[in-house]
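Residue numbers (this note's numbering): 14 to 222.
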Ligand SMILES: C[S@@+](CC[C@H](N)C(=O)[O-])C[C@H]1O[C@@H](n2cnc3c(N)ncnc32)[C@H](O)[C@@H]1O
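This is how it looks when you write it as structure tokens:
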């Protein structure tokens, strides 16, 4: 159901090429800077904008149970074939409101938002942050990455700053525990000057619902 989901522009049309490109990305390389915030004990993780499931599979291999949320049908189909793990459940839903997911009233130890936040405009980011906070259990963490640099043709992306994201998270009771800035792990993107901000937020245990 990717048609008309804002943020997915340019993905379904190029799904075959992107699936091939993304298959070469390693979970461990991509997330090395934030791996310390992934729980050591089996936990419940929701990966939003999960693409072809590289991260979902990485989490599953570490023993976690993963709900992978992705609105582009072609990516969910490819992901199921690439990573047929019983620890991964796939869900067709989308930011900013995550209507299907929130209706389940689940809470998670980790909310992963890798390379998706910059697809949302400012009002959508406000709504989406409220959802992120609602999905985290007390003591849980949200791991986010924000892309900076040239926008690929046909893609919908906005300039999103660390400061704005930290402010939004704080307004929803989430505390920044890590901020770092890295270059892209993909050689072509690195050559084009793509950089990333990585942020980790914690939902404090004493936060009121
Ligand atoms: C750059 S890819 C990142 C995929 C994966 N998270 C990763 O880091 O490899 C961005 C993903 O976000 C998804 N996406 C775009 N807009 C979205 C939205 N409104 N809600 C949820 N996912 C969205 C796209 O379909 C795509 O799979």
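Idealized CB from N, CA, C, for every residue including glycine. Predicted model only: the values in this text are computed from it and were never measured.
Helix, strand or coil: which one does DSSP assign to residue i?
i           : result
residue 58  : strand
residue 113 : helix
residue 101 : strand
residue 178 : helix
residue 212 : strand
residue 203 : helix
residue 197 : coil
residue 187 : coil
residue 108 : coil
Report yes if the C-beta of residue i is less than 8 Å from at least one heavy atom of ligand 1; otherwise report no.
i           : result
residue 42  : no
residue 67  : yes
residue 88  : yes
residue 167 : no
residue 159 : no
residue 102 : no
residue 62  : yes
residue 84  : yes
residue 71  : no
residue 38  : yes
residue 162 : no
residue 59  : no
residue 156 : no
residue 46  : no
residue 135 : no
Roughly how many angstroms separate the alpha carbons of residue i and residue j, rounded to a whole number?
i           : j           : result
residue 176 : residue 83  : 27 Å
residue 72  : residue 97  : 13 Å
residue 123 : residue 155 : 6 Å
residue 211 : residue 200 : 19 Å
residue 42  : residue 35  : 13 Å
residue 86  : residue 196 : 29 Å
residue 187 : residue 217 : 7 Å
residue 113 : residue 106 : 6 Å
residue 27  : residue 45  : 28 Å
residue 169 : residue 64  : 16 Å
residue 88  : residue 125 : 17 Å
Buried or exposed: which applies to residue i, given that a residue is buried once 16 or more other Cβ atoms fall within 10 Å of its Cβ?
i           : result
residue 215 : buried
residue 194 : exposed
residue 180 : exposed
residue 54  : exposed
residue 12  : Given that the chain is displayed from residue 14 to residue 222, the structure contains no residue 12 and the question cannot be resolved.
residue 166 : exposed
residue 76  : exposed
residue 60  : buried
Could you give the uninterrupted runs of the beta strand (DSSP E) lying entirely in the stretch 22-93, keeping only those of 3 residues or more? 57-61 and 78-82
Runs of alpha helix (DSSP H) lying entirely within the stretch 120-154, each at least 4 residues, in chain order: 135-148
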